[in-house]
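The next block holds one structure in the form of structure tokens; read it before the comments.
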Amino acid sequence: MSSARGLRLLKSLETYRKKLPDVYDCSTILNKVNIISMSQGCTKSSFTVDKSMCNGGFTLHGGYIASIVDVLSFYSILSHRNGKISWTTNLNVDYLKLAAVSQKVTVETKLQMNGNIPITQTSLFDESGTVLARGTASFKAGNEELQIMLKKLIGFDVYENEC
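Numbering (full-length UniProt numbering), first residue to last: 1 to 163.
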């Protein structure tokens, strides 16, 4: 279940997708992934592997997995009540098992540490619950100017916290 902040963020992401449909995170990730819930640094999502996500062997491409880890980690940070717009400084992914076309994948991202250098952990699971990949991402929180830019771009105010 999403928190009030998570619901605000989901609404803002819809605005973002409509406003800038061709930017990488919208066209490649947000238009293909169903975000199920966002709350206090935790995001649960799912998607079905399609050919546009695959390598020549028709299995989920490692670059797509890395993009999923990166993009969903960023939104998990924002879902936390103290989350700020941040950029990726380090991304590490362990690829453990293949996922084929038409396979359903569940993604869980959790904020491990918040502050000026947020750290997230993301796991991708197949339908049986087997871990397909696990990623850790580190970020650097942006300055005040970036926080204001996010509000102007998609209407999400990082400083608005619900009681």
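Note that the Cβ used here is the ideal one computed from N, Cα and C, for glycine as well.
Is it true that the CB of residue j sits closer than 9 Å to the CB of residue i?
{"i": "Ala99", "j": "Leu60", "result": "yes"}
{"i": "Ser123", "j": "Ala133", "result": "yes"}
{"i": "Ser79", "j": "Gln40", "result": "yes"}
{"i": "Ile77", "j": "Phe139", "result": "yes"}
{"i": "Ser45", "j": "Leu72", "result": "yes"}
In the structure shown, what three-state DSSP assignment does residue i receive?
{"i": "residue 166", "result": "It is not possible to answer for residue 166, since the shown part of the chain is limited to 1 through 163."}
{"i": "Ala99", "result": "coil"}
{"i": "Ser76", "result": "helix"}
{"i": "Gln147", "result": "helix"}
{"i": "Met53", "result": "helix"}
{"i": "Ser45", "result": "strand"}
{"i": "Ser123", "result": "strand"}
{"i": "Ser86", "result": "strand"}
{"i": "Val69", "result": "helix"}
What residues in its chain sit with their C-beta under 6 Å from that of residue i, if we drop five residues either side in the sequence?
{"i": "Gln103", "result": "Val49"}
Taking the beta strand (DSSP E) that residue i belongs to, which residues open and close that run?
{"i": "Arg134", "result": "Val131 to Ala141"}
{"i": "Gln40", "result": "Gln40 -> no beta strand (DSSP E), and no H or E assigned at all."}
{"i": "Lys110", "result": "Lys104 to Met113"}
Look at the alpha carbon of residue i and the alpha carbon of residue j, and state the distance between them as a whole number of angstroms.
{"i": "Val23", "j": "Ser12", "result": "15 Å"}
{"i": "Asn143", "j": "Asp25", "result": "21 Å"}
{"i": "Asn114", "j": "Gln121", "result": "12 Å"}
{"i": "Glu127", "j": "Arg8", "result": "29 Å"}
{"i": "Asn161", "j": "Val33", "result": "26 Å"}
Take residue i and list the residues in its own chain whose beta-carbon comes closer than 8 Å to its own, dropping the five residues that flank it on each side.
{"i": "residue 180", "result": "The chain is shown only over 1 to 163; residue 180 falls outside these bounds and no answer can be derived."}
{"i": "Cys163", "result": "In this prediction, Cys163 scores a pLDDT of 48, lower than 50, which makes its location untrustworthy; no coordinate-derived value is stated."}
{"i": "Gln147", "result": "Lys84, Ile85, Val158 and Tyr159"}
{"i": "Lys51", "result": "Phe58 and Val101"}
If you follow the alpha helix (DSSP H) that residue i is in, where does it begin and where does it stop?
{"i": "Glu14", "result": "Ala4 to Lys19"}
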